[in-house]
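Enquirer: Pasting a structure here, questions to come.
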Amino acid sequence: MNSQTSLLHHQLDYLKLPFLKAQCAELAQQAAQQSWSHVDYLARLIDGQYQQRLQHTIQLRVKTARFPVLKTLEQFHWDWPKKINRLQVQNLFRLEFLAQKANVIFLGTVGLGKTHLATALGYAACLEGHSVLFANAIDVINHLSAAQKKSTLKTELKNYLRPQLLVLD
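Take the sequence shown: its letters are residues 11 to 179, numbered as in the numbering used here.
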């Protein structure tokens, strides 16, 4: 490795650009072979770094949300229950209710898929860049009751108010 490459790798480490460091030589070779312009080469490098960082951010959001298990809308079985309004549920996944600061409530008996849909909605919000927290309603009540007894309710309540989407199961 020559001194210029060594300096470049040091600078990319300092700037925390691991994709650029790992791929700059390989993409430069492809660029030379395929006659890419400088801008095309740079755009591919930057897009790779962007995609890597975006995926890392999504993974962090999902981890912070504390989902019990990841579910998606695509995994939902629409054949049961029969009376579910599919179009209305699918419309919720446009996430417009977040901008309107509106609430969404899934009501029904046990086993109809309320938790699945709520988890999938939270996961979709994570993918779109929103902060999410998934919590069990009983645990939240117990946690806040204990905080009230310790006179820390205001502080603890902020943990539930901070995310853009709070999913209570």
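Quick reminder that beta carbons are idealized off the backbone N, C-alpha and C, glycines included.
#1: Could you tell me whether the segment 133-153 touches the segment 97-109, where touching means 3 or more Cβ pairs closer than 8 angstroms?
#2: Where does V114 fall in DSSP's three states?
#3: Where do the N-terminal and C-terminal ends of the alpha helix (DSSP H) with V142 fall, by residue?
#4: Short check: CB of G132 to CB of A75, under 8 angstroms?
#5: Buried or exposed: which applies to R71, given that a residue is buried once 16 or more other Cβ atoms fall within 10 Å of its Cβ?
#6: What residues in its chain sit with their C-beta under 7 angstroms from that of A128, if we drop five residues either side in the sequence?
#7: According to DSSP, is L80 part of a helix, a strand, or is it coil?
#8: For the beta strand (DSSP E) containing V177, list its first residue and its last residue.
#9: Along the chain, where does the alpha helix (DSSP H) containing G180 start, and where does it finish?
#10: With distances taken between CB atoms, is the gap from T67 to A130 smaller than 8 angstroms?
#11: Based on Cα-Cα distance, which residue from N101, Q61 and I94 lies nearest to T119?
#12: Return yes when the Cβ of K31 is within less than 8 angstroms of the Cβ of H19, no when it is not.
#13: Buried or exposed for L17, please, with buried defined as at least 16 other CB atoms from any protein chain shown within 10 angstroms of its CB.
#14: Could you give the DSSP three-state label for S16: helix, strand or coil?
#15: Verify whether the separation of the beta carbon atoms of L163 and L154 is less than 8 angstroms.
#16: Between which two residues does the alpha helix (DSSP H) carrying G58 extend?
Expert: With the structure as the only source:
#1: yes
#2: coil
#3: No alpha helix (DSSP H) holds V142; the beta strand (DSSP E) holding it covers V142 to A145.
#4: yes
#5: buried
#6: F116, V177 and D179
#7: coil
#8: L175 to L178
#9: The structure shown has nothing for residue 180, since the chain only spans 11 to 179.
#10: no
#11: I94
#12: yes
#13: exposed
#14: helix
#15: yes
#16: H48 to A75
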